[in-house]
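Chains A and B, in that order, give the protein sequences.
Last residue of the first sequence: number 410 in our numbering, and the count goes up by one each step with no gaps.
Last residue of the second sequence: number 324 in our numbering, and the count goes up by one each step with no gaps.
The structure appears right after this line, and notes come after that.
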Amino acid sequence: MSNFWNVVGFTVKNKIRTKSFIVTTVIIAAIMSLGVNLPFIISQFTGDDAATESTVIGYVENEAPQVTDALTTYYNNLGEEADLQLAGYANEEALREAISEGEIRGYLIFEEQAGQAFPAVTYKAETLSGGSSVSLMSALQTVRNDIILEESGLTAEQRAALLEPINLNSTQISTETGTETVGGETGPSGLAMGFVYVVIILLFMGIFITSQLIATEVTSEKSSRVMEILVTSVAPLTQMFGKIFGMFLVGTMQIGTFILVFLINVMLPHNQEMLAGIDINLSELDPMLYVYAIIFYFGGYFLFATLFAAVGSIVSRTEDLAQALTPVTILSMAGFYIGIFGMTAPDSTLIQVASYIPFFAPFAMFLRVGLTDPALWEIALSIGLLLVSILIFGWLSAKIYRTGVLMYGKRPSWKEIRKAMKAYKI
Amino acid sequence: MTMNPLIVDNVVKEYGDKTAVNKISFEVEKGEIYGLLGANGAGKTTTMRMVLGLIFPDEGKILYHGKPYSREQLQMLGYLPEERGMYPKVKINEQITYLARLRGMSQKDADKNLRDWLERFNITEYYNMKIEELSKGNQQKIQFIAAVIHKPSIVILDEAFSGLDPVNVEQLKATVKELRNSGTTILFSTHRMEHVEELCRNITILHRSNTVLQGNIKEIKKQFPRERVILGTEGELNGLEGLSGVRQVKRMENGYEVLIERPETAQDLLRHAMAQAELTRFELLEPTLNEIFIRSVGGRNE
Chain A
-15 MSNFWNVVGF TVKNKIRTKS FIVTTVIIAA IMSLGVNLPF IISQFTGDDA ATESTVIGYV
45 ENEAPQVTDA LTTYYNNLGE EADLQLAGYA NEEALREAIS EGEIRGYLIF EEQAGQAFPA
105 VTYKAETLSG GSSVSLMSAL QTVRNDIILE ESGLTAEQRA ALLEPINLNS TQISTETGTE
165 TVGGETGPSG LAMGFVYVVI ILLFMGIFIT SQLIATEVTS EKSSRVMEIL VTSVAPLTQM
225 FGKIFGMFLV GTMQIGTFIL VFLINVMLPH NQEMLAGIDI NLSELDPMLY VYAIIFYFGG
285 YFLFATLFAA VGSIVSRTED LAQALTPVTI LSMAGFYIGI FGMTAPDSTL IQVASYIPFF
345 APFAMFLRVG LTDPALWEIA LSIGLLLVSI LIFGWLSAKI YRTGVLMYGK RPSWKEIRKA
405 MKAYKI
Chain B
23 MTMNPLIVDN VVKEYGDKTA VNKISFEVEK GEIYGLLGAN GAGKTTTMRM VLGLIFPDEG
83 KILYHGKPYS REQLQMLGYL PEERGMYPKV KINEQITYLA RLRGMSQKDA DKNLRDWLER
143 FNITEYYNMK IEELSKGNQQ KIQFIAAVIH KPSIVILDEA FSGLDPVNVE QLKATVKELR
203 NSGTTILFST HRMEHVEELC RNITILHRSN TVLQGNIKEI KKQFPRERVI LGTEGELNGL
263 EGLSGVRQVK RMENGYEVLI ERPETAQDLL RHAMAQAELT RFELLEPTLN EIFIRSVGGR
323 NE
């Protein structure tokens, strides 16, 4: 057992001190910090004019007074939240002059349309930024509705009733457990979606990237021949699982760092306000979701790590590793993509089947747990299958590892490995 | 009688239908360097791997201090592999103490031993360096330290001196002798016969999985007839070829080298030569290990 911890300690100590590891971690943490703070940074640059004076849009006075007056009223009613203001000018030349002098951003041209109550509108500006057009579009929509409703002669009550937003009450039910989740939230909430999305990406990173590191380490130990000394000093099984566990600690530390960096950034006072605006509250999530995330991280990691270690052990040169890893890489990629693309249809047959296939289960079952409401036995079955396959593949990988570390030369075929296993009495 | 520390008894190893090692047996005493010789592919590495417990024999047994192989035995084994292997990017003190701890040493003892060894080789400044920063000869010394740092009672040296300059060979050879004198049992494999003659008492020559020659070097040499006579003379010798039992006569710078069929011919040769000229040297040479090796291995190559 002490040798196990020796291997773990050595693996962790050497990995976290390599330049590549430190650089990757710092870069990803920096990108994350930048991403979280980006809205704030942008608001710092554009902040002042956006907050105090809104963009001014010009129009030709008396061209379509009914519409322009209504638009002006619309933006005036918005008060401080108004992102646009209107200003009248004599003619189009005056408007062009106003643009070149920076008084207005762009201007509107109205043209009467035959048989239509509402004129055709053209927005002209030097830069057609999306914000102004979107704002104008919704403003014009409201104005047009008002004008048409005005003409239709409806009473104020009728108009109010017509414009009232539809109130759809949704209730998530489960036909298996018979539970009903009544509440204002509809189906999988945006929060749960976001959380599942993030966890699936983290799972993929934790499982795939770390497993690949294991394979690389094993192969490089083999190619530098230090393996021959290692296998005479410590049982290959101890060595393999020590390395897997060591890398697990390294991977967890890395992900932990990212989560910590993310949380610290979110906690910063200037980001707090913004978050309050979006209304995200992580404590609203079912705590079991966190537990499942950790369980599937564990399960997925140990399943793939043993496979990657086994593949790493049969390759003698690092150059050949990527090719040899292709099958297991595809397997883990498939799981990841099933998870990502399944987000839109978490209860499809594909996801249901995939959630019982151990290689895909960490992604697919977590997706189901997060977005739908699978029965407890379904989750238990999925996790159970995952554990059983960890044992089976762990055992198989250990055998391959034990054989592979002593085989040098070109990459052996399955037949050769089986022959060698028999010869080595493994 | 106490048992020898390392006993290899009728060991057979087969890879599929190919026999890698066929019934090899030998014993190594305490404080002895045992030579395991053979051409490439003769079965040396397989034999060593079985002694190391990396692969298991199909038949026969290997005993360490009278006990069969177990995980605990590993701690008294030291191994210097033919292909050098260390972590290129890990500091020397870290990897050596790591390997020592894997074999049951405490960090403190391992560190102390490492410092002692570095001092002995006069390379204390390498303590904090990485393997990839060292010259090949010094890498070899570090590799050697890794094999013996835990004071193993049985050491397996596979081509210990290959790729070293003469100065380093002598230094390492002296260290190996010291180990032997302090009672370490050493299994030694090499192609270089002069090292074997200098270091080993007993040898086994393997050829194509089979033991072709085994025993004490002196005894082995006695089995091979003395067939070479050196005659040192300034003058001219005639009629040597005419003597019965002479196979070949070679004219050398300071005399003649004569190959004879049986040792008795040497006396006739001496008498014949003395009658003709003044001799400065007469020697009946025993065969070198190199010749014995080539004869016992090469002769069967066809």
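For every residue, glycine included, the Cβ atom is placed at its ideal position computed from N, Cα and C.
Asked, Found
"Contact between the stretch 292 to 309 of chain B and the stretch 48 to 56 of chain B (3+ Cβ pairs under 8 angstroms)", "no"
"From Thr233/B, Lys35/B, Phe48/B, Met274/B, residue whose alpha carbon lies closest to that of Leu259/B", "Met274/B"
"C-beta neighbour in chain A for Arg93/B, strict 8 angstroms", "yes"
"Proximity test, Cβ basis, 8 angstroms: Leu98/B and chain A", "Per the sequence shown, the amino acid found at residue 98/B is Met instead of Leu. Answer no: the Cβ-Cβ gap between Met98/B and chain A never drops below 8 angstroms."
"Nearest-angstrom beta carbon gap, Ser366/A and Arg125/B [assumed within contact, 8 angstroms]", "Rounded, the Cβ-Cβ distance is 43 angstroms, inconsistent with contact."
"Identity of the residue in Gln100/A, Ile239/A, Ala345/A nearest Thr8/A by Cα", "Ile239/A"
"For Leu59/B and Val191/B, believed in contact at Cβ under 8 angstroms, the rounded distance", "The Cβ separation is near 18 angstroms, so there is no contact."
"CB contact check: Tyr101/B to chain A, cutoff 8 angstroms", "yes"
"For Thr52/A and Tyr91/A, the rounded distance between their alpha carbons", "12 angstroms"
"Asn(-2)/A at chain B interface by Cβ criterion, 8 angstroms", "yes"
"Chain B contact residues for Phe(-12)/A, given Cβ-Cβ distances below 9 angstroms", "Correct list: empty, because the minimum Cβ distance to chain B is about 10 angstroms."
"Where the alpha helix (DSSP H) through Leu265/B begins and ends", "Element bounds for Leu265/B: n/a, residue is neither H nor E."
"Proximity of Lys113/B and Met151/B at Cβ, strictly below 8 angstroms", "yes"
"Cα-Cα separation, Leu79/A to Leu355/A", "53 angstroms"
"Interface residues of the stretch 105 to 137 of chain B facing chain A [CB-CB below 7 angstroms]", "Glu105, Arg106, Gly107, Met108, Tyr109, Pro110, Val112, Tyr120, Leu121, Arg123, Leu124, Arg125"
"Test item: CB-CB of Ile314/B and Ile242/B under 8 angstroms", "yes"
"DSSP three-state assignment for Thr24/B, whether helix, strand or coil", "coil"
"For Leu55/A, the nearest candidate out of Thr111/A, Met121/A, Leu233/A (CA to CA)", "Met121/A"
"Proximity test, Cβ basis, 8 angstroms: Phe343/A and chain B", "no"
"Cβ of Ala168/B within 8 angstroms of any chain A Cβ", "yes"
"Below-8 angstroms beta-carbon distance, Lys227/A vs any chain B residue", "no"
"Inter-stretch contact at 8 angstroms, needing at least 3 Cβ pairs: the stretch 185 to 200 of chain A / the stretch 279 to 291 of chain A", "yes"
"Beta-carbon neighbours of Met211/A, restricted to chain B and to distances below 7 angstroms", "Gly107"
"Asn61/A versus Pro103/A - alpha carbon distance", "23 angstroms"
"Helix, strand or coil at Ala98/A [DSSP, three-state]", "coil"
"Gly226/A to Val215/A span [Cα, whole Å]", "13 angstroms"
"Spatial neighbours of Asn276/B in its chain, beta-carbon cut-off 6 angstroms, leaving aside the 5 residues before and after", "Gly254"
"Per-residue DSSP class, three states only, for Ile171/B", "coil"
"At least 3 beta-carbon pairs within less than 8 angstroms: the stretch 171 to 185 of chain B vs the stretch 88 to 100 of chain B", "yes"
"Proximity winner among Met127/B, Arg284/B, Glu220/B, relative to Gly267/B (alpha-carbon distances)", "Arg284/B"
"For Val389/A, the residue or residues it bridges with in DSSP", "According to DSSP, which records beta bridges pairwise, Val389/A is partnered with nothing at all."
"Beta-carbon proximity list for Met405/A, same chain, < 6 angstroms, skipping 5 on both sides", "Thr387"
"Contacts of Val215/A in chain B (Cβ-Cβ under 7 angstroms)", "Leu76"
"Selection of the stretch 368 to 401 of chain A by Cβ proximity to chain B, strictly under 8 angstroms", "Leu390"
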